[in-house]
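Notes follow the structure.
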């Protein structure tokens, strides 16, 4: 478990200096919104994210785009983590210069399978995204299952084309 300790921020000081009538009361519903947190916490939270999660957060708003770091170190850490877990990694040449050049077709496919929990083991505590839970296959939409199945069939057909007519010498 991680604990985050920060010094008082400007928003905390403003909250302490508010009159009691301005404080949000327990009768008023407070929505849980990431944007109401101070930027210092946004930065701290973003350091705990893996590359795909940090990239998704970075592209969710202009504010996060300017503060979330998705540099080379984060990309390499993500690839090493995948290798340690014996998950698919792009073995061809990867460009680490920008997010756009890094996210080639192979990396995009890996991230899409990760997003739909298709890499997780179907056992207790088998989820790779949410610790302590098991993924449910019924959460994956049928259109995505068909799309993934179609890609696998297409790959098998293309792989078999190269072997037609070849005979051992």
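Residue numbers (our numbering): 1339 to 1507.
C-beta: ideal position from N, C-alpha, C; glycine also.
Original post:
Beta-carbon separation of residue 1425 and residue 1389 under 8 angstroms?
Top reply: no
Original post:
How long is the line joining the alpha carbons of residue 1442 and residue 1384, rounded to whole angstroms?
Top reply: 23 angstroms
Original post:
Any idea if residue 1445 is buried or exposed, counting beta-carbon neighbours within 10 angstroms, 16 or more meaning buried?
Top reply: buried
Original post:
Counting only runs that start and end within the segment 1380-1404, where is the alpha helix (DSSP H) found for 4 or more residues in a row?
Top reply: 1389-1396
Subject >> residue 1386 to residue 1430 span [Cα, whole Å] >> reply: 27 angstroms
Original post:
Hey, quick one: how far does the alpha helix (DSSP H) through residue 1452 stretch, first residue to last?
Top reply: 1443-1453
**OP:** Locate the alpha helix (DSSP H) running through residue 1411, then write down its first and last residues.
**Re:** 1410-1422
Subject >> As assigned by DSSP and simplified to three states, the class of residue 1438 >> reply: helix
Original post:
From residue 1427 to residue 1448, what distance separates their C-alpha atoms?
Top reply: 8 angstroms
Original post:
Can you tell me whether DSSP reads residue 1373 as helix, strand or coil?
Top reply: helix
Subject >> Rounded C-alpha distance that separates residue 1395 from residue 1404 >> reply: 11 angstroms
Subject >> Burial state of residue 1417, where buried means 16 or more other Cβ atoms lie within 10 Å >> reply: buried
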